[in-house]
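Residue numbers (this note's numbering): 1156 to 1311. We put the beta carbon where it would ideally sit given N, CA and C, even for glycine. These numbers come from a predicted model, not from an experiment. The structure appears right after this line, and notes come after that.
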């Protein structure tokens, strides 16, 4: 049985190819993602930051029910990712951090540390559990428990 959810994948541009990998991973769990992610490989002529946020990012995040943040080596350095997380939190979206496979000793973006509902490794079982939101999950890329700085957020 397919589980369809509206998804926005926040990512650093260099990790864009991992969006399809994520969809394939979760496809094995029966997920069918309708994706509103903004991709650098799909260029547009926008170059004004406020225009990009109002025309592309806000509507895409508003539409999505779940925000997945792919966590790679440089994700924490992305002002765009940090803004997307902040905006998603203000809109009451479920926010899930997912470590990219093979990434070690990565820095979790501050807004993700502050606002995530769950942070998990590249594991379809744990991602599924985080999406369903039964309880917060805070793990590193190897499945070891991480301390959570944030109490669980309940979303309506």
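Apply the 10 Å Cβ neighbour rule to residue i and answer buried if 16 or more other Cβ atoms are within range, or exposed otherwise.
| i | result |
| --- | --- |
| residue 1233 | buried |
| residue 1162 | buried |
| residue 1290 | exposed |
| residue 1270 | buried |
| residue 1214 | exposed |
| residue 1265 | exposed |
| residue 1305 | Low confidence applies here, because residue 1305 scores a pLDDT of 48, under 50, leaving its location unreliable; read the following figure in that light. Its Cβ having fewer than 16 others within 10 Å, residue 1305 is exposed. |
| residue 1205 | exposed |
| residue 1166 | buried |
| residue 1203 | exposed |
| residue 1170 | buried |
So the candidates are the options; which of them puts its Cα closest to the Cα of residue i?
| i | options | result |
| --- | --- | --- |
| residue 1227 | 1220, 1258 and 1213 | 1258 |
| residue 1173 | 1247, 1159, 1242 and 1223 | 1223 |
| residue 1239 | 1279, 1229, 1211 and 1262 | 1211 |
| residue 1267 | 1285, 1288, 1216 and 1236 | 1236 |
| residue 1300 | 1278, 1285, 1274 and 1287 | 1274 |
| residue 1251 | 1225, 1261 and 1265 | 1225 |
| residue 1242 | 1280, 1260, 1209 and 1181 | 1209 |
| residue 1168 | 1231, 1185 and 1216 | 1231 |
| residue 1280 | 1181, 1256 and 1171 | 1181 |
| residue 1302 | 1166, 1165, 1272 and 1171 | 1272 |
| residue 1295 | 1255, 1284, 1166 and 1283 | 1255 |
| residue 1260 | 1288, 1229, 1283 and 1282 | 1229 |
| residue 1185 | 1244, 1158 and 1175 | 1158 |
Looking at the unbroken alpha helix (DSSP H) that takes in residue i, where does it start and where does it end?
| i | result |
| --- | --- |
| residue 1180 | 1173-1182 |
| residue 1214 | 1213-1218 |
| residue 1204 | 1204-1207 |
What is the residue span of the beta strand (DSSP E) that residue i lies within?
| i | result |
| --- | --- |
| residue 1161 | 1158-1165 |
| residue 1225 | 1221-1226 |
Thinking residue i and residue j are a contact (beta carbons under 8 Å), I'd like their distance in whole angstroms, please.
| i | j | result |
| --- | --- | --- |
| residue 1286 | residue 1207 | The pair is not a contact, with the Cβ atoms about 27 Å apart (cut-off 8 Å). |
| residue 1253 | residue 1218 | The Cβ separation is near 20 Å, so there is no contact. |
| residue 1248 | residue 1221 | 7 Å |
| residue 1178 | residue 1188 | 5 Å |
Measure from the C-beta of residue i to each C-beta in chain C and report whether the shortest distance is under 8 Å.
| i | result |
| --- | --- |
| residue 1178 | As a matter of chain content, chain C is missing from the structure shown, which is built from one protein chain. |
What are the complete alpha helix (DSSP H) segments, minimum 4 residues, inside the segment 1228-1294? Taking only runs of at least 4 residues, the alpha helix (DSSP H) segments lying wholly in the segment 1228-1294 are 1234-1245, 1265-1270 and 1279-1287.
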